[in-house]
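**Student:** Quick one: the structure is below, and I'll ask about it shortly.
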Amino acid sequence: MFTGIVQGTGLIRAIDSPAPDFRRFTVELPEHLAGGLETGASVAHNGCCLTVTRVSGCLAEFDLMAETLAKTNLGSLKAGDRVNLERAARFGDEIGGHVMSGHIMATVEIIRIDENGLNRTLWFRLPEKLKPYLFAKGFVGLDGCSLTVGIVGDDAFCVHLIPETLERTLFGSRRAGDAVNLEIDAQTQAVVDTVARVMAQKGFQAA
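Quick note, the sequence shown lines up with residues 1 to 207 if you use the UniProt record's numbering.
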């Protein structure tokens, strides 16, 4: 479980590909995230939950299977790239964002970035299958960041980013055309799917 509050960025030092559908990342973690890290622990990379397979100081290794490579933006990364990082939440931690599982639903493309002074608004292409789960003022996980949805249109949605988010995460360097990992709020998905199922059973059709 994660909170969507990115704790820092990590540098991918090496990528091994022992098979076409399998990769091993060696990531250099910031010192404050490396302390006490053990094999088997969970660390979110751009919002995707990965398991530590080996630790040596500030270097940690993570295995990525075919599903992860295909469904997230991690499959397009190379040595020298950076990733947003968050270690798994512990009972008693402050939940500053919203509860996230680290299971990516899709990647979405940044189609436009609007800037006005210190404000920055990112617009994303909206996949049709995810449209029922995104609404204004709702939660969404983007590259591991818990963010509030701004406007939702027919084929796009936006989020508004403060300078703190831009400085602490990869969003400060994101550009139009970049692919970003998306995780829907699990509670929203459960409610929407339940209502749709009940309506279908009663013979109603969603508009």
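Backbone N, C-alpha and C fix where the C-beta goes; we use that ideal spot for every residue, glycine too.
Closest by CA to M105, which one among P127, E115 and L85?
**Tutor:** The shortest Cα separation from M105 among P127, E115 and L85 belongs to P127.
**Student:** For E164, report the span of its alpha helix (DSSP H) as first-last.
**Tutor:** P163 to R168 is the extent of the alpha helix (DSSP H) around E164.
**Student:** Can you tell me which of V27, L122, G36 and A34 puts its alpha carbon nearest to the alpha carbon of A79?
**Tutor:** Closest option to A79, Cα to Cα, is V27.
**Student:** Tell whether a beta-carbon distance below 8 Å holds between residue 261 and C48.
**Tutor:** Outside the displayed range of the chain (1 to 207) lies residue 261, so it cannot be described from this structure.
**Student:** To the nearest whole angstrom, what separates the beta carbons of L142 and L182, a pair I think is in contact under 8 Å?
**Tutor:** Sure, about 6 Å apart at Cβ, within 8 Å.
**Student:** In this structure, does DSSP put V6 in helix, strand or coil?
**Tutor:** If DSSP states are grouped into helix, strand and coil, V6 belongs with coil.
**Student:** Could you compute how far the alpha carbon of I110 sits from the alpha carbon of M100?
**Tutor:** Each residue's Cα considered, the two are about 21 Å apart.
**Student:** Counting pairs of Cβ atoms below 8 Å between the region 120–140 and the region 70–84, do you hit three or more?
**Tutor:** The region 120–140 vs the region 70–84: no contact.
**Student:** Which runs of the alpha helix (DSSP H) at least 4 residues long sit entirely within the region 102–178? Give them in chain order.
**Tutor:** Complete alpha helix (DSSP H) runs here, min 4: 163–168.
**Student:** Mapping the DSSP letters down to three states, classify H32 as helix, strand or coil.
**Tutor:** The answer is helix: DSSP assigns H32 an H, G or I state.
**Student:** When the Cβ atoms of the region 155–166 are set against those of the region 14–21, are three or more pairs found closer than 8 Å?
**Tutor:** Segments in contact, no.
**Student:** Between which two residues does the beta strand (DSSP E) carrying A60 extend?
**Tutor:** Residues L59 to L64.
**Student:** What did DSSP end up calling A88 once you bin it into helix, strand or coil?
**Tutor:** Three-state result, A88: coil.
**Student:** Using three-state DSSP, classify E183 as helix, strand or coil.
**Tutor:** Residue state, collapsed to three classes: strand.
**Student:** Could you please give me the residues that DSSP links to H98 through a beta bridge?
**Tutor:** Beta-bridge pairing links H98 to no other residue.
**Student:** If you draw a straight line from the alpha carbon of D154 to that of K131, how long is it in whole angstroms?
**Tutor:** The straight-line gap from Cα to Cα measures roughly 8 Å.
**Student:** Spatial neighbours of S17 within its chain, please: CB distance less than 6 Å, with the 5 preceding and 5 following residues excluded, ordered by chain position.
**Tutor:** If we look at S17 and ignore the five residues flanking it on each side, its Cβ neighbours are R23.
**Student:** Would you tell me roughly how many angstroms separate the C-alpha atoms of L64 and F25, rounded to the nearest one?
**Tutor:** If you take the alpha carbons of L64 and F25, they lie about 8 Å apart.
**Student:** Quick one: using the 10 Å Cβ neighbour count with 16 as the cut-off for buried, is G195 buried or exposed?
**Tutor:** Per the sequence shown, residue 195 should be read as Val rather than Gly. So V195 counts as exposed.
**Student:** Taking T53 as part of the beta strand (DSSP E), name the residues at either end of that continuous run.
**Tutor:** Here the beta strand (DSSP E) through T53 covers C48 to S56.
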